[in-house]
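The structure appears right after this line, and notes come after that.
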Amino acid sequence: MILLMGIAGSGKGTQGKMLADKYSLHLISMGDVLRMYVTGDQRQRMLAGDLLDDTEIIAIVDKVLSSIPDNETVLLDGFPRTIPQAEWLIKQVEAERFRLDVAFHLQASREAVKERLIGRARIDDTDSAIEARFNEYERSTMPLLEWLTRHSIKVINVNAERSVEEVNKDLAHYLEDSQKL
Ligand code: AMP
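Just remember that our numbering sits 2 ahead of the position in the sequence shown, which is counted from 1.
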């Protein structure tokens with residue numbers, strides 16, 4: 003399993019798709035899965051850029067992962083985003099349900115990604131939702147990166163302010179050189 007982490011607009015979706023196509027991986031984008039499953043209040047929270055409840059997210063990701071055959075490489079975009087989500091994931095790894103190979107952290111500043119998000123014009127890419135997602139990222143995801151490292155998960159920081167091709171080349175090199183595929 004390969005994790006893709008990073009601030010909204012850092013290119014997780016684009017890079018995830020490129021890697022999945024290149025190496026024939028199972029790509030699970032939490033945002034896409036949630037846009038398929040979630041209704042009512044939770045959907046409004048998503049639109050506002052707030053994270054959804056861990057229990058609900060974990061139940062959904064558990065269901066989706068169950069549909070994938072054992073021993074296949076999964077590329078997970080947008081999960082875990084909080085420490086309780088990561089704790090659940092580590093438990094699955096300890097129970098030998100998956101192997102966790104690496105977490106890529108696509109690093110980019112608020113300023114660098116803001117333009118990209120505005121250009122993308124998704125319905126949750128309003129100024130206030132963008133702000134809320136940045137804040138959630140700093141509050142929840144940044145501490146998670148340290149937590150993963152402390153739990154012996156390899157976190158690779160990649161400068162995601164460069165072009166799509168340059169970032170992709172780095173990710174691909176890492177996967178090929180470290181024989182993670
Ligand atoms: P994304 O497409 O990755 O930007 O995700 C869109 C929205 O889905 C986020 O702003 C959150 O509201 C929700 N979401 C996605 N992944 C998670 C997660 N792991 N935990 C909680 N909420 C999530």
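Backbone N, C-alpha and C define an ideal beta-carbon position, used for all residues, glycine too.
May I have the straight-line CA-CA distance separating residue i from residue j, to the nearest angstrom?
{"i": "residue 4", "j": "residue 28", "result": "10 Å"}
{"i": "residue 162", "j": "residue 13", "result": "7 Å"}
{"i": "residue 104", "j": "residue 91", "result": "13 Å"}
{"i": "residue 37", "j": "residue 87", "result": "19 Å"}
{"i": "residue 75", "j": "residue 183", "result": "7 Å"}
{"i": "residue 153", "j": "residue 9", "result": "22 Å"}
{"i": "residue 47", "j": "residue 85", "result": "20 Å"}
{"i": "residue 109", "j": "residue 144", "result": "11 Å"}
{"i": "residue 44", "j": "residue 83", "result": "16 Å"}
{"i": "residue 101", "j": "residue 77", "result": "12 Å"}
{"i": "residue 31", "j": "residue 160", "result": "19 Å"}
I'd like to know if residue i contacts chain D, where contact means its C-beta is closer than 8 Å to some C-beta of that chain.
{"i": "residue 134", "result": "Here there is only one protein chain, and chain D is not present."}
Since residue i and residue j should fall inside the 8 Å C-beta cutoff, what is the C-beta to C-beta distance between them, to a whole number of angstroms?
{"i": "residue 157", "j": "residue 107", "result": "6 Å"}
If you pair each beta-carbon of the stretch 62–82 with each one of the stretch 116–129, do three or more pairs fall below 8 Å?
no
Kindly confirm or deny that the stretch 91–102 and the stretch 16–27 touch, where touching means at least three C-beta pairs closer than 8 Å.
no
Which whole runs of the alpha helix (DSSP H) in the stretch 91–157 are 4 residues long or more, in chain order?
112–122, 129–138, 144–152
Considering only residues of the stretch 20–60, which uninterrupted beta strand (DSSP E) runs meet the minimum length of 3 residues and lie entirely inside it, listed in chain order?
28–31
Output the residue ranges of the alpha helix (DSSP H) runs that lie fully inside the stretch 63–93 and measure 4 residues or longer, sorted by chain position.
Fully enclosed alpha helix (DSSP H) runs of 4 or longer: not present.
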